[in-house]
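J.:
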Amino acid sequence: MNKLTNDLSHVTEADRANVWHHLLQHKSLETTDPRIIVKGQGLRIWDQHGAEFIDAVSGGVWTVNVGYGRESIANAIRDQLIELPYWAGSGGTIPGALFSEKLLAKMPGLSRVYYANSGSEANEKVFKMVRQISARLHGGKKSKILYRERDYHGASIGTLAACGQEERALQYGPYPEGFVSVPHCLEYRAQWEVESYGERAADAIEEVILREGPDTVGLLCLEPVTAGGGVIVPPKGYWQRVQEICKKYDILLHIDEVVCGMGRTGTWFGYQNYGIQPDFVTMAKGVASGYAAISCCVTTEAVFEQFKDASDKLSYFRDISTFGGCTAGPAAAIENMRIIEDEGLLENTVAMGERIMANLNALMEKHKVIGDVRGAGLFAGAELVADRATKEPMAEAEVSRVVAEGAKRGVMFGMTNRSLTGFNNTLCFSPALIATPDDIDAITDAVDGALTAVFG
């Protein structure tokens, strides 16, 4: 598909006049057209003008893990909608039951799936569960929720209270009490001069726990790999020490897999790279690759059992997600999982992840504006700096120019966006798990050209 034959000028104007876009300063649309994405196939998308792009960000926000144009997922959704489109989550459905079984088979040690509609909503469920456990079993103690600087857990008021990206949270408070930040673990922006940085960064969490009082802390909420805060892979030793700390102080561990889940890092879930056992895992985005809305809050049986006291009419989890009852989500998720398995996409993600990291490291040798390259699987970041010696962050406007130059070269990649004041300087890459060597090379070739165009 090189050219679109239909005139979509009316669509463009309808969009400009009526749609309130996400994460966009609309002042820009007074002088430029909104970009309308009209078709996707495999790793490629086309806009209203017929321009073709490689999508290196899986739908813009790390979502379309198995690529575009999957008729088998569309057919699974269609068939299910005809049979039964919806039943509230207080009851059961066939796809809901079957997907939970398939999902939990990939997550040893976890045993219950609570369906919701978005990553924000799934994370809210965890926070509510922890607060209810605090109220019922700890006399209101162990209610504090710890979150990490640079991590992101959603756009609701509750999840923004646990937001480690200050620009995302600015102007939306006041926030609920009881949310406490712990230091980030990005060694490139080191906060301590030590040999074992991962263990030291984890020990900083223990210091916060001791400062707050272990009997006040109920949950530690972390991304396995920080996404929008700069694509940060925790250093060696970090996760094992985190697990030890949580067990030591009887603190529940919540891993937010909204971005990393469903193969993005080369394992089914990011935490599985580190040999840890969480009490909660949340997921969304890649669960159905964007073909239908679905999120899941997954827990252990030990957590679940705390909500089964028939003598207390308030003991059960008194929560509902209206669209958690949609059957299209789990129907799509079953087929999405089959595709990942049958096409060997976890193995491909590992191989292509090694290729994109090698290519980006080669670009770092060529372009002095790349200060650091990091990632896991098909989830990579390149931090741009004005000075390698001082690690002064590249100005956000210049990073934006690189992204724009990449689009001119037919590749859509991203950058940290309204996340961290002064540190929105990391290019982000997360192509679909179906990426080929040629795709990876085309993506990094576009980055090479874009950096040359902007910086010489």
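Its first residue numbered 0, the sequence shown is counted upward by one per residue in numbering that gives the first Met the number 0.
Just so it is clear, CB atoms sit at the ideal spot from N, CA and C, and this is done for glycine as well.
Report the three-state DSSP secondary structure of Tyr248 (helix, strand or coil).
T.: Here Tyr248 sits in coil by DSSP.
J.: Taking Ile35 as the reference, which of Leu42, Gly41, Lys26, Gly58 has the closest Cα?
T.: Gly58
J.: Around the Cβ of Asp437, are there at least 16 other Cβ atoms within 10 angstroms (buried) or fewer (exposed)?
T.: Exposed is the call here.
J.: Let's see if you can read the secondary structure: which residues bound the beta strand (DSSP E) around Ala396?
T.: No beta strand (DSSP E) contains Ala396, which is instead part of the alpha helix (DSSP H) from 395 to 407.
J.: Is Gln79 helix, strand or coil when you go by DSSP?
T.: helix
J.: Over what stretch of residues does the alpha helix (DSSP H) that includes Asp444 continue unbroken?
T.: 436 to 454
J.: Using DSSP bridges, identify the partner residues of Asp54.
T.: Met411
J.: CB-CB under 8 Å to Ser110, same chain, minus the five flanking residues each way: which ones, in chain order?
T.: Leu103, Thr298, Thr299, Glu300, Phe303
J.: Are Lys470 and Val241 close, meaning C-beta to C-beta below 7 Å?
T.: Limits of the chain in this structure are 0 at one end and 455 at the other, which puts residue 470 out of reach.
J.: How big is the Cα-Cα spacing for Lys2 and Leu344?
T.: Because Lys2 carries a pLDDT of 47, less than 50, the predicted location of this residue cannot be relied on, and no value is offered for it.
J.: Would you grab the beta carbon distance between Met261 and Ile339 for me? Rounded to a whole angstrom, and I think it's under 8 Å.
T.: So it is a contact: roughly 7 Å between Cβ atoms.
J.: Please state the DSSP three-state secondary structure of Trp19.
T.: coil
J.: Would a C-beta distance cut-off of 7 Å place Val230 and Gly41 closer than the cut-off?
T.: no
J.: Could you pull the start and end residues of the beta strand (DSSP E) that Phe178 belongs to?
T.: 178 to 181
J.: Compute every distance between the C-beta of Thr299 and the non-hydrogen atoms of the ligand GDP, then say whether any falls below 6 Å.
T.: In the structure on display, the ligand GDP does not appear, and there are no ligands present to speak of.
J.: Straight-line CA distance for His48 to Gly91?
T.: 45 Å
J.: Round the Cβ separation of Ile457 and Lys105 to the nearest angstrom and send it over; I've been treating them as touching at under 8 Å.
T.: With the chain covering 0 to 455 only, the question about residue 457 has no answer from this structure.
J.: What separation, rounded to the nearest whole angstrom, lies between the Cα atoms of Ala431 and Lys307?
T.: 41 Å
J.: If we count the other Cβ atoms within 10 Å of its Cβ and call it buried at 16 or more, is Asp420 buried or exposed?
T.: First, the amino acid is wrong: residue 420 is Thr here, not Asp. Result: exposed.
J.: What span of residues does the alpha helix (DSSP H) with Gly88 cover, start to end?
T.: Where Gly88 is concerned, there is no enclosing alpha helix (DSSP H), given that its DSSP letter is neither H nor E.
J.: Do Ile144 and Ile204 have their C-beta atoms within less than 7 Å of each other?
T.: no
J.: If you count every other CB in all the chains shown that lies within 10 Å of the CB of Thr451, and 16 or more means buried, which is it?
T.: exposed
J.: Do the segment 208 to 217 and the segment 137 to 154 make contact, defined as three or more Cβ pairs closer than 8 Å?
T.: yes
J.: DSSP beta-bridge partners for Pro392?
T.: Val384
J.: Considering Leu426, what are the terminal residues of the beta strand (DSSP E) in which it resides?
T.: 425 to 428
J.: Run through DSSP, which three-state label would Tyr270 get?
T.: DSSP places Tyr270 in helix when its eight states are reduced to three.
J.: May I ask you to list the residues that DSSP assigns as paired with Thr225?
T.: Ile231
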